[in-house]
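Q:
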Amino acid sequence: MAKLTGVHHLALTVTDVDRSVPWYERVLELRETGRREDPGTGLRKVVLHAPGDAFSVVLLQHPATERGTFDERRTGLDHVAFTVPTYAELKQWEQRLADYGVTYSPAKASRTLPGSAVVVFRDPDGIQLEVWADLNS
Numbered sequence: 001m002a003k004l005t006g007v008h009h010l011a012l013t014v015t016d017v018d019r020s021v022p023w024y025e026r027v028l029e030l031r032e033t034g035r036r037e038d039p040g041t042g043l044r045k046v047v048l049h050a051p052g053d054a055f056s057v058v059l060l061q062h063p064a065t066e067r068g069t070f071d072e073r074r075t076g077l078d079h080v081a082f083t084v085p086t087y088a089e090l091k092q093w094e095q096r097l098a099d100y101g102v103t104y105s106p107a108k109a110s111r112t113l114p115g116s117a118v119v120v121f122r123d124p125d126g127i128q129l130e131v132w133a134d135l136n137s
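Residues in the sequence shown are numbered consecutively from 1, following the UniProt record's numbering.
#1: Hey, could you find the ends of the beta strand (DSSP E) V46 is sitting in?
#2: Determine the DSSP secondary structure at L26, reduced to helix, strand or coil.
#3: Nearest by alpha-carbon distance to T86: which of T13, W132, D16 is it?
#4: Tell me, which residues are paired with Q61 by DSSP?
#5: Under the assumption that L48 contacts S56 (Cβ atoms under 8 Å), give the Cβ distance between them as a whole number of angstroms.
#6: Whose C-alpha, out of P39, L10, D71, is nearest the C-alpha of L30?
#7: How long is the line joining the alpha carbons of V46 and A109, rounded to whole angstroms?
#8: Where do the ends of the alpha helix (DSSP H) carrying Y87 lie?
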């Protein structure tokens, strides 16, 4: 059987792509590489790439998106975790988030994956995002 080799993209439903795209570009250093708007269905889709094209994040705005608060306790997405190679770089992410006025939890040891540390924050729709690093790096 063919094995999975990685994640091609992550698609997130947002309430307003015009608000979310600049946030993801600025805070996560993603760059917009594609946009599609379908007047017939009202769907708006923006593709953002990570530096080096390691992965893509697709932001989708559906015409009837509920404006409710994101809640990871509902069935569906719980959170998204990105990695950095070292703990020192994780600490740099803390500074980056602070510089952009993003509320975050300072780096702490993971209870889920011993030997790792995580910084937790949320996007404009309240979707939980994390940056992870190996504590031994």
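All C-beta atoms, glycine included, are put in the ideal place defined by N, C-alpha and C.
A: In terms of the structure at hand:
#1: 43-49
#2: According to the sequence shown, residue 26 is Arg rather than Leu. Three-state result, R26: helix.
#3: W132
#4: R44
#5: 6 Å
#6: L10
#7: 34 Å
#8: 87-99
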